[in-house]
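Undergrad: Encoded as structure tokens, here's the structure I'll be asking about.
Protein chains: 2
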Amino acid sequence: MNAFADRLAEAVRRDGPLCVGIDPRFDMLPASYRKFPPGVAIEAFSLKVLELVRPFAGVVKPQAAFFERLGPEGMSAMQSVMWRATELGFVTILDAKRGDIASTATAYAEAAFGEDVWNADALTVNPYLGADAVEPFVNEARKSTPPRGLFVLVRTSNPGGGLFQNALADGVPLYRRVGAAVADWNDGGLGDCGLGDVGAVVGATHPQELAELRAALPRVWFLVPGYGAQGGTAADVRAGFLPNGLGAVVNSSRGVVFPFAPDDADWEAKIVAAAQRAQAELRGPL
Amino acid sequence: MNAFADRLAEAVRRDGPLCVGIDPRFDMLPASYRKFPPGVAIEAFSLKVLELVRPFAGVVKPQAAFFERLGPEGMSAMQSVMWRATELGFVTILDAKRGDIASTATAYAEAAFGEDVWNADALTVNPYLGADAVEPFVNEARKSTPPRGLFVLVRTSNPGGGLFQNALADGVPLYRRVGAAVADWNDGGLGDCGLGDVGAVVGATHPQELAELRAALPRVWFLVPGYGAQGGTAADVRAGFLPNGLGAVVNSSRGVVFPFAPDDADWEAKIVAAAQRAQAELRGPL
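So the protein sequences, as listed, match chains U and D.
Residue numbers for the first sequence follow my numbering, so the first one is 34 and each next one is one higher.
Residue numbers for the second sequence follow my numbering, so the first one is 34 and each next one is one higher.
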């Protein structure tokens, strides 16, 4: 039950597969928050969002770039948001897309999973540097208490994601090779739910490839971005799930967190409504 | 003369092609520094290294992972090191291997190049997400004052780097496709020196591929890791240079920064000697 895969399964069974992406952009904050210094403002807003969406999602995905944009103060805000999310019972995915080799990869993993640093339940990682660059992340995830997880970029949701990911080698697109490597790592960390600790990022904007990967990787958790603001629909993401309703968490960032104009007085109610709608929509097909 | 490529050319002409990698690991610091809290210790040590190596190198490459490992305090140390390096006249390459899409990529680039954030002259980026993920970095680099540069991962120095990078599609390895994309971006930002602002990371540990890429990408700056502690020699990196002695900066991290045991009293002299030796060795063949 402490396995990462099982903790994620528990969250999805309880609250559905919605993952709320925390991408705080100062310019889009409610007017009352834009009066504060940017670091304070994005921290306070993100903490408020965590409370508002908690009834509708069991997973959150803070995006490191929007915190790093504000320098050390932003990183301090990120730490506060990560810790509060854990306290509220969310499974946390730190979306930092890290990737490096050997002891450098280990340092990133120690930062991601360290209880005194970001304390993430899972981290997104980039596979371009190869197996010996992903393995230090896998090792650190498994050494942590409780064990943590990874989501490796396989097929990303952006329109140009196929430029290298779809390059065909011996008739097999690169992303399928990356997917096969993910499955190998993942099989070393299966939980009681039958899924493992090395997941794959697969965009909702490529439903055909999502379906193929679901069939090819039956024990791999998928993190599915691209639903909502990027154009993916609830029907598009259906192919990412296993028959038992597990296997995927579906991220919505702007669609849930910024469904209001900066001067709207009722922004809290709009976030609650957007989260509720996304939860219902994603639970519907299952 | 303000073009990134020209600022880098000026540094290489003046001080040679050595780039010193700043990878501060608390456990390896001199005994006198390990008495301080980790964030203070790695900041003070890194600032000292900048002063010690300044006569022997015009380029430094702080590694974000080792700062992030210490959380917000570590990021504060990184900011201090980046700013001081600029003040000392170094061209700074922030080795963070960032990669994301659209406005998220822009946020990372704003962090890297923002004068109030990391203020890097150049950033390393990961190409796996495709062209529309690299272009926001290119746009931000060119919008900055002075203009900044990028180094895109093409062929990394780790033993397993070929797993995906060497995947053959239509007889062409993936890293050559990435290299071709780099050349296209780079040609939009050429300086007076004839080189451009979108460079390539090419490991010293693959001298044959380094030579091929040098021939294929005559206007692209190379950042060459893997010299020194990772096994690449001065002879191995020779193929990365153009006949005029420009075209490559060669990174050494541990070999220059940690040539001592933690209890050595003469650690400063050992860093100076290591930097001097590396400068002479890399200038020798040119």
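Glycine included, each C-beta is placed from N, C-alpha and C at the ideal position.
(1) Would you say asparagine 159(U) lies against chain D (beta-carbon separation less than 9 Å)?
(2) Quick one: Cα of tyrosine 66(U) to Cα of valine 53(U), how far?
(3) Just by C-beta distance, which residues in the region 81-115 of chain D are closer than 7 Å to chain U?
(4) Note down the Cα distance separating phenylalanine 89(U) from leucine 315(U), rounded to an integer number of angstroms.
(5) Any idea what DSSP makes of leucine 228(U), helix, strand or coil?
(6) State the DSSP-derived secondary structure class of alanine 64(U), mapped to helix, strand or coil.
(7) First and last residue of the beta strand (DSSP E) that includes aspartate 128(D)?
(8) Taking phenylalanine 100(U) as part of the alpha helix (DSSP H), name the residues at either end of that continuous run.
(9) On the premise that leucine 127(U) lies in contact with serine 285(U), defined as a C-beta separation below 8 Å, what is that separation, rounded to the nearest angstrom?
(10) Can the beta-carbon of alanine 97(D) be found less than 9 Å from the beta-carbon of leucine 201(U)?
(11) For alanine 306(U), which residues of its own chain have a beta-carbon under 7 Å away from its beta-carbon, when the five flanking residues on both sides are left out?
(12) If you measure between the beta carbons of serine 79(U) and proline 63(U), is that distance less than 9 Å?
(13) On the criterion of 16 or more Cβ atoms from any shown chain inside 10 Å, does glycine 221(D) qualify as buried, or is it exposed?
(14) Is the Cβ of proline 180(U) closer than 9 Å to any Cβ of chain D?
(15) Counting only beta-carbon separations shorter than 9 Å, does proline 192(D) have a partner in chain U?
(16) Does any CB atom of chain U fall closer than 9 Å to the CB of glutamate 242(D)?
(17) Nearest chain U C-beta to tryptophan 218(D) closer than 9 Å, yes or no?
(18) Reducing DSSP to helix, strand and coil, say where leucine 80(D) ends up.
(19) Using 8 Å for Cβ pairs, my map puts alanine 237(U) next to valine 283(U). What's the rounded Cβ distance?
(20) Give the residues of chain D in contact with glutamate 376(U), contact being defined as C-beta atoms less than 7 Å apart.
(21) What distance in whole Å lies between the Cβ atoms of alanine 135(U) and leucine 156(U), which are believed to be in contact at a cut-off of 8 Å?
(22) DSSP state of threonine 178(U), grouped into three classes?
(23) Should alanine 272(D) be flagged as near chain U, meaning a C-beta pair shorter than 9 Å?
(24) Leaving out the 5 sequence neighbours to the left and right, which residues in its chain are closer than 7 Å to arginine 102(D) when beta-carbon positions are compared?
(25) Give me the residue from Glu143(U), Asp56(U), Glu120(U), Ala164(U) with the minimum Cα distance to aspartate 133(D).
(26) If we call anything under 9 Å between Cβ atoms a contact, is valine 215(D) one with glycine 232(D)?
(27) Rounded to the nearest angstrom, how far is the Cβ of arginine 252(D) from that of leucine 223(D), given a contact under 8 Å?
(28) Please report whether the beta-carbon of aspartate 269(U) lies at a distance below 9 Å from any beta-carbon of chain D.
(29) Candidates Gly107(U), Arg40(U), Arg46(U): which alpha carbon is nearest valine 73(U)'s?
(30) Do we get a CB-CB distance below 9 Å when we pair lysine 130(U) with the residues of chain D?
(31) Should lysine 303(D) be listed as close to the ligand PLP, given that the test is whether its C-beta is under 8 Å from any heavy atom?
(32) Glutamate 173(U): buried (16+ other C-beta within 10 angstroms of its C-beta) or exposed?
(33) Could you name the residues of chain U that valine 211(D) contacts, counting a contact when the two beta carbons are closer than 8 Å?
(34) So the candidates are Glu301(D), Leu228(D), His239(D), Asp269(D); which of them puts its Cα closest to the Cα of leucine 250(D)?
(35) Contact defined as beta carbons within less than 8 Å: I believe cysteine 226(D) pairs with alanine 38(D). What is the distance between those atoms, to the nearest angstrom?
(36) From this set, Asp296(U), Tyr208(U), Pro180(U), Gly265(U), which residue's C-alpha is nearest tyrosine 32(D)'s C-alpha?
TA: Let me spell this out:
(1) So, interface residue.
(2) Rounded to whole angstroms, tyrosine 66(U) to valine 53(U) spans 20 Å at the Cα level.
(3) Cβ contacts with chain U: Gln96, Ala98, Phe99, Glu101, Arg102, Gly104, Pro105, Met108, Ser109, Gln112.
(4) The alpha-carbon atoms of phenylalanine 89(U) and leucine 315(U) are separated by roughly 11 Å.
(5) In the structure shown, leucine 228(U) sits in coil (DSSP, three-state: anything other than H, G, I, E or B).
(6) Three-state result, alanine 64(U): coil.
(7) 124-131 is the span of the beta strand (DSSP E), which, as asked, contains aspartate 128(D).
(8) 97-101 is the extent of the alpha helix (DSSP H) around phenylalanine 100(U).
(9) That belief does not hold up - the Cβ atoms of serine 285(U) and leucine 127(U) are roughly 17 Å apart, past 8 Å.
(10) The answer is no: Cβ separation not under 9 Å.
(11) If we look at alanine 306(U) and ignore the five residues flanking it on each side, it has no Cβ neighbours.
(12) No, the pair does not count as a contact, with Cβ atoms beyond the cut-off.
(13) Under a 10 Å Cβ-count criterion, glycine 221(D) is classified as exposed, with fewer than 16 other Cβ atoms of the shown protein chains found around its own Cβ.
(14) Not one beta carbon of chain D lies nearer than 9 Å to the beta carbon of proline 180(U).
(15) True, the Cβ-Cβ gap to chain U drops below 9 Å.
(16) Interface residue (Cβ-Cβ distance to chain U less than 9 Å): glutamate 242(D) is not classified as such.
(17) By this cut-off, tryptophan 218(D) is not an interface position.
(18) Judged by DSSP in its simplified three-state form, leucine 80(D) adopts helix.
(19) The C-beta distance from alanine 237(U) to valine 283(U) rounds to 7 Å, short enough to meet the 8 Å contact threshold.
(20) Summary: the structure shown does not reach residue 376(U), with chain U confined to residues 34 through 319, and so no result is reported for it.
(21) Going by Cβ atoms, the distance from leucine 156(U) to alanine 135(U) rounds to 17 Å, so no, they are not a contact pair.
(22) In the displayed model, threonine 178(U) falls within coil according to three-state DSSP, outside both helix and strand.
(23) Not one beta carbon of chain U lies nearer than 9 Å to the beta carbon of alanine 272(D).
(24) Once the five neighbours on either side are set aside, arginine 102(D) has no close Cβ partner at all.
(25) That would be Asp56(U), whose Cα lies nearest to the Cα of aspartate 133(D).
(26) Against a cut-off of 9 Å, the Cβ pair of glycine 232(D) and valine 215(D) comes out as a contact.
(27) Right, the Cβ-Cβ distance comes to about 6 Å (below 8 Å), so this counts as a contact.
(28) Output row for aspartate 269(U): interface = no.
(29) Minimum Cα-Cα distance from valine 73(U) among the listed residues Gly107(U), Arg40(U), Arg46(U) corresponds to Gly107(U).
(30) At least one chain D Cβ lies under 9 Å of lysine 130(U).
(31) Of ligands this structure carries none, so the ligand PLP is not represented either.
(32) With 16 or more neighbouring CB atoms inside 10 Å of its own CB, glutamate 173(U) falls in the buried class.
(33) Within 8 Å Cβ-Cβ: Phe197.
(34) The residue among Glu301(D), Leu228(D), His239(D), Asp269(D) with its C-alpha nearest the C-alpha of leucine 250(D) is Leu228(D).
(35) In this structure, cysteine 226(D) and alanine 38(D) form a Cβ contact; the two beta carbons are roughly 6 Å apart against a cut-off of 8 Å.
(36) What the structure shows of chain D is the stretch from 34 to 319, and residue 32(D) is not part of that stretch, so it cannot be assessed.
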